[in-house]
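Trainee: Please read through the structure below; I'll follow up with questions.
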Amino acid sequence: MARINSWKWSPHACDLDRLDPVRFLNLMRDRSIGLVGDSLNENFLVALLCVLRLGDAGARKWKRRGAWRGAYFPKFNVTVAYHRAVLLARYEFHCIIEVAGIWKLGLCLMVIRLELDAADRVAYCFSRDLCSQLTMIESLQVLRSYLGVPDTQTLDCMKLREKETADASVVNVSPWYWLSLPLGIFRWQTKQPGFSGQDGVKGIYRVDVDIPADDWANISDFYDVLVFNTGHWWGPDKFPEETPLVFFKDGQPIHPPLDLTGGLKVVVKNMVSHIEKAFPKKTLKFWRLQSPRHFHGGDWNQNGSCLFDNPLEESELDLWFDPANSGTNREARMVNAVIGEALKGTSIIALELSRLSEWRADGHPAVWLGKKDAVAVWGQDCMHWCLPGVPDTWVDILAQLITYNFTPL
Numbered sequence: 001m002a003r004i005n006s007w008k009w010s011p012h013a014c015d016l017d018r019l020d021p022v023r024f025l026n027l028m029r030d031r032s033i034g035l036v037g038d039s040l041n042e043n044f045l046v047a048l049l050c051v052l053r054l055g056d057a058g059a060r061k062w063k064r065r066g067a068w069r070g071a072y073f074p075k076f077n078v079t080v081a082y083h084r085a086v087l088l089a090r091y092e093f094h095c096i097i098e099v100a101g102i103w104k105l106g107l108c109l110m111v112i113r114l115e116l117d118a119a120d121r122v123a124y125c126f127s128r129d130l131c132s133q134l135t136m137i138e139s140l141q142v143l144r145s146y147l148g149v150p151d152t153q154t155l156d157c158m159k160l161r162e163k164e165t166a167d168a169s170v171v172n173v174s175p176w177y178w179l180s181l182p183l184g185i186f187r188w189q190t191k192q193p194g195f196s197g198q199d200g201v202k203g204i205y206r207v208d209v210d211i212p213a214d215d216w217a218n219i220s221d222f223y224d225v226l227v228f229n230t231g232h233w234w235g236p237d238k239f240p241e242e243t244p245l246v247f248f249k250d251g252q253p254i255h256p257p258l259d260l261t262g263g264l265k266v267v268v269k270n271m272v273s274h275i276e277k278a279f280p281k282k283t284l285k286f287w288r289l290q291s292p293r294h295f296h297g298g299d300w301n302q303n304g305s306c307l308f309d310n311p312l313e314e315s316e317l318d319l320w321f322d323p324a325n326s327g328t329n330r331e332a333r334m335v336n337a338v339i340g341e342a343l344k345g346t347s348i349i350a351l352e353l354s355r356l357s358e359w360r361a362d363g364h365p366a367v368w369l370g371k372k373d374a375v376a377v378w379g380q381d382c383m384h385w386c387l388p389g390v391p392d393t394w395v396d397i398l399a400q401l402i403t404y405n406f407t408p409l
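1 is the number of the first residue of the sequence shown in UniProt numbering; add one for each residue after it.
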């Protein structure tokens, strides 16, 4: 640990003072600071709390308003907390239990599977679009058998909504289903024998790009300072092909479907728009740019390692992080490009901590994870940071920016 903290980041032409906890808490008296995002913002929070607790011996844990963790400093009436929202947007998992083969909704928008829930009711689940691999063999009437609608009765959107509202147990779907998708349903067969049910999809994560995650949806009137981030979950290691992300807007699936990068762009753009509209102008808003990873020799699940004794050399940085090199650690600069574009013309301040952190390949927990067999299960941790360590510099920079930007009450 002494080796890790023997290095100090120094800005050009000025000094960076360490955060004085008493002075800072006095500045923030009767105010609150919130961090929203993935576990790297939690890493950030812990570093901040470790310093601030020295300014108030009576500090205690705080978990309200959807916060994942936090602290309250009663001497100054200051709250500092973290809200876990790894994508920022709301997302939820839909599982698949196939009982009736592959089914197709009209206009080639989505593939669904029919499934049974715990009460043996017919339900549905979205899957990937498999149009190119399927051939229609028969057209079926619109869920008549499941809705109990006679062949002679005309089906329209209103009547279907009335039916679903009157007897939701008939088919386990939510009201937006009728509003967002075509009513035609067709049965399909595969072009290759044996393909049906072998696409490997176990379920999907529905992402509503225009709706904030519940964990931070109702905090706009509480925090005076906010630090947002997302990025580390936008990769195939978190959402592989068998459980992909499917993006929705205004309750409807986005068509054509978006890949992970396209989804990130749309989510960030919509979340930035939401923050600008929902939070008061007086709220000081930051968006922390991406924290770089330092996996060498492979990703986290490919025996990647970060057992370094020293920081990287300046000549090594582009080799490690430039997206043009298609390296394991290109994520940070790729995500930062998306965020930078979305923040243009907004009141949200880009908290640029990426460049100074790129050097510190030596600052991660690596094999020192604190739990027996953790490395064997999860691999080395070359993403989060040791504490004390690099996030302490983040804390000092954030404190300076808050001090500079805040107008005292």
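All C-beta atoms, glycine included, are put in the ideal place defined by N, C-alpha and C.
First and last residue of the beta strand (DSSP E) that includes histidine 384?
Mentor: Reading the sequence shown from its first residue, position 384 is the one you call residue 384. Looking at the DSSP string, histidine 384 is not in any beta strand (DSSP E), and its letter there is neither H nor E.
Trainee: What's the gap between the Cα of tryptophan 68 and the Cα of asparagine 41?
Mentor: Translated into positions along the sequence shown, residue 68 becomes position 68. Translated into positions along the sequence shown, residue 41 becomes position 41. Looking at the two C-alpha atoms, the distance is approximately 11 Å.
Trainee: Could you tell me how far apart the beta carbons of glycine 55 and proline 11 are, in whole angstroms, since I believe they sit closer than 8 Å?
Mentor: Position 55 of the sequence shown holds residue 55. Position 11 of the sequence shown holds residue 11. Rounded, the Cβ-Cβ distance is 24 Å, inconsistent with contact.
Trainee: With DSSP run on the structure shown, which of helix, strand or coil describes phenylalanine 228?
Mentor: If you number the sequence shown from 1, residue 228 lands on position 228. Of the three classes helix, strand and coil, the one that applies to phenylalanine 228 here is strand, per DSSP.
Trainee: So, at 6 Å on beta carbons, what are the nonlocal neighbours of tryptophan 216 in its own chain, with the 5 sequence-adjacent residues on each side left out?
Mentor: Looking up residue 216 in the sequence shown gives position 216. Excluding sequence neighbours, tryptophan 216 sits near Val36, His83, Ala85.
Trainee: Looking at C-alpha atoms only, which residue of Cys306, Thr346, Trp368 is the closest neighbour of aspartate 362?
Mentor: Residue mapping note: residue 362 aligns to position 362 of the sequence shown, counting from 1. When each option's Cα is compared against that of aspartate 362, the closest is Cys306.
Trainee: Between asparagine 5 and lysine 277, what straight-line distance do the alpha-carbon atoms span, to the nearest angstrom?
Mentor: Mapped onto the sequence shown, residue 5 falls at position 5. Mapped onto the sequence shown, residue 277 falls at position 277. Going from the Cα of asparagine 5 to the Cα of lysine 277 covers about 41 Å.
Trainee: Report all residues from its chain with a CB closer than 6 Å to the CB of glycine 298; omit the five preceding and five following residues, and keep chain order.
Mentor: The residue labelled residue 298 in the question sits at position 298 within the sequence shown. Answer for glycine 298: Gly304, listed in chain order.
Trainee: Identify whether threonine 261 lies in helix, strand or coil by the three-state DSSP scheme.
Mentor: To locate residue 261, count along the sequence shown from 1; it is residue 261. It is helical.
Trainee: Taking a contact to mean a Cβ-Cβ separation below 9 Å, would you say leucine 356 touches threonine 393 in this structure?
Mentor: Taking the sequence shown and counting its residues from 1, one reaches residue 356 at position 356. Taking the sequence shown and counting its residues from 1, one reaches residue 393 at position 393. Against a cut-off of 9 Å, the Cβ pair of threonine 393 and leucine 356 comes out as a contact.
Trainee: By how many angstroms is the C-alpha of leucine 27 removed from the C-alpha of isoleucine 219?
Mentor: Residue mapping note: residue 219 aligns to position 219 of the sequence shown, counting from 1. Residue mapping note: residue 27 aligns to position 27 of the sequence shown, counting from 1. So the alpha carbons of these two residues sit roughly 21 Å apart.
Trainee: Valine 246 and proline 257 - do their beta-carbons sit closer together than 9 Å?
Mentor: What you label residue 257 is simply residue 257 of the sequence shown in a count that begins at 1. What you label residue 246 is simply residue 246 of the sequence shown in a count that begins at 1. Yes. Within cutoff.
Trainee: Kindly give me the distance between the Cβ atoms of alanine 350 and leucine 343, rounded to whole angstroms, as I take these residues to be in contact under 8 Å.
Mentor: Against the sequence shown, residue 350 aligns to sequence position 350. Against the sequence shown, residue 343 aligns to sequence position 343. Contact holds; Cβ gap of about 6 Å.
Trainee: With DSSP collapsed to three states, give me the class of histidine 255.
Mentor: For the purposes of this step, residue 255 is taken as residue 255 along the sequence shown, with counting starting at 1. In the structure shown, histidine 255 sits in coil (DSSP, three-state: anything other than H, G, I, E or B).
Trainee: Where asparagine 310 and proline 292 are concerned, what is the direct C-alpha to C-alpha distance, given to the nearest angstrom?
Mentor: In the sequence shown, counting from the first residue as 1, residue 310 sits at position 310. In the sequence shown, counting from the first residue as 1, residue 292 sits at position 292. Roughly 16 Å separates the two Cα atoms.
Trainee: Please report the Cβ distance between glycine 231 and glutamine 290, rounded to the nearest whole angstrom; I am assuming they are in contact, meaning their Cβ atoms lie under 8 Å.
Mentor: Residue numbering aside, residue 231 sits at position 231 when the sequence shown is read from its first letter. Residue numbering aside, residue 290 sits at position 290 when the sequence shown is read from its first letter. About 5 Å separates the two Cβ atoms, so the contact holds.
Trainee: Expressed to the nearest angstrom, what Euclidean distance is found between the alpha-carbon atoms of tryptophan 316 and threonine 346?
Mentor: On the sequence shown, residue 316 is found 316 positions in, with the first residue counted as 1. On the sequence shown, residue 346 is found 346 positions in, with the first residue counted as 1. Position check: residue 316 holds glutamate in this sequence, whereas tryptophan was assumed. Each residue's alpha carbon lies about 33 Å from the other.
Trainee: So, at 6 Å on beta carbons, what are the nonlocal neighbours of proline 388 in its own chain, with the 5 sequence-adjacent residues on each side left out?
Mentor: As a first step, residue 388 is located in the sequence shown; it is residue number 388 there, counting from the start. Around proline 388: Asn5.
Trainee: Straight-line CA distance for alanine 213 to tryptophan 234?
Mentor: As a first step, residue 213 is located in the sequence shown; it is residue number 213 there, counting from the start. As a first step, residue 234 is located in the sequence shown; it is residue number 234 there, counting from the start. Taking the straight line joining both Cα atoms gives about 16 Å.
Trainee: What three-state label does DSSP hand alanine 57 in the structure shown?
Mentor: Locating residue 57 in the sequence shown gives position 57, where the first residue counts as 1. Alanine 57 falls in the coil class under three-state DSSP.
Trainee: Do you know how far the Cα of leucine 284 is from the Cα of valine 225?
Mentor: As a working mapping, residue 225 is identified with position 225 in the sequence shown. As a working mapping, residue 284 is identified with position 284 in the sequence shown. Straight-line Cα distance between these residues: approximately 5 Å.
Trainee: Run through DSSP, which three-state label would histidine 294 get?
Mentor: Walking along the sequence shown from the start, residue 294 turns up at place 294. In this structure, histidine 294 counts as coil in the three-state DSSP scheme.
Trainee: Using the Cα positions of leucine 19 and cysteine 50, report the straight-line distance between them to the nearest angstrom.
Mentor: Numbered from its first residue, the sequence shown carries residue 19 at position 19. Numbered from its first residue, the sequence shown carries residue 50 at position 50. Roughly 11 Å separates the two Cα atoms.
Trainee: Tell me the DSSP bridge mates of leucine 343?
Mentor: Within the sequence shown, the letter at position 343 stands for residue 343. In the DSSP output, where bridge partners are listed per residue, leucine 343 has none listed.
Trainee: Report yes if the C-beta distance between arginine 360 and tryptophan 385 is below 9 Å; otherwise report no.
Mentor: Reading the sequence shown from its first residue, position 360 is the one you call residue 360. Reading the sequence shown from its first residue, position 385 is the one you call residue 385. Closer than 9 Å, so yes.
Trainee: Helix, strand or coil, according to DSSP, for alanine 337 in the structure here?
Mentor: Locating residue 337 in the sequence shown gives position 337, counting from the first residue. Helix.
Trainee: Along the chain, which unbroken stretches of the alpha helix (DSSP H) at least 4 residues long are found entirely within the stretch 6 to 90?
Mentor: Complete alpha helix (DSSP H) runs here, min 4: 21 to 27, 39 to 52.
Trainee: Per DSSP, glutamate 92 forms a beta bridge with which residues?
Mentor: As a working mapping, residue 92 is identified with position 92 in the sequence shown. DSSP lists Arg206 as partners of glutamate 92.
Trainee: Ends of the beta strand (DSSP E) at tryptophan 287?
Mentor: Residue mapping note: residue 287 aligns to position 287 of the sequence shown, counting from 1. That run of the beta strand (DSSP E) goes 284 to 288.
Trainee: Residue range of the alpha helix (DSSP H) that phenylalanine 321 falls in?
Mentor: If you number the sequence shown from 1, residue 321 lands on position 321. 317 to 321 is the span of the alpha helix (DSSP H), which, as asked, contains phenylalanine 321.
Trainee: Counting C-beta neighbours from all protein chains within 10 Å, is the total for asparagine 325 16 or more, i.e. buried, or is it exposed?
Mentor: The count along the sequence shown starts at 1 and reaches residue 325 at position 325. Asparagine 325 comes out exposed.
Trainee: So, glycine 30 versus valine 80, is the Cβ gap smaller than 9 Å?
Mentor: Translated into positions along the sequence shown, residue 30 becomes position 30. Translated into positions along the sequence shown, residue 80 becomes position 80. The question names glycine, but residue 30 is aspartate in the sequence shown. No, these two residues do not count as a Cβ contact at 9 Å.
Trainee: Does the distance from the C-beta atom of alanine 59 to that of arginine 65 stay below 9 Å?
Mentor: If you number the sequence shown from 1, residue 59 lands on position 59. If you number the sequence shown from 1, residue 65 lands on position 65. No. Outside cutoff.
Trainee: What's the C-alpha gap between valine 209 and aspartate 381?
Mentor: Here residue 209 is taken as the residue at index 209 of the sequence shown, counted from 1. Here residue 381 is taken as the residue at index 381 of the sequence shown, counted from 1. Looking at the two C-alpha atoms, the distance is approximately 29 Å.
Trainee: How big is the Cα-Cα spacing for glutamate 241 and tryptophan 7?
Mentor: Taking the first residue of the sequence shown as position 1, residue 241 is located at position 241. Taking the first residue of the sequence shown as position 1, residue 7 is located at position 7. Those two C-alpha atoms are separated by around 41 Å.
Trainee: Quick one: Cα of proline 391 to Cα of isoleucine 204, how far?
Mentor: Along the sequence shown, one-based indexing puts residue 391 at 391. Along the sequence shown, one-based indexing puts residue 204 at 204. Taking the straight line joining both Cα atoms gives about 34 Å.
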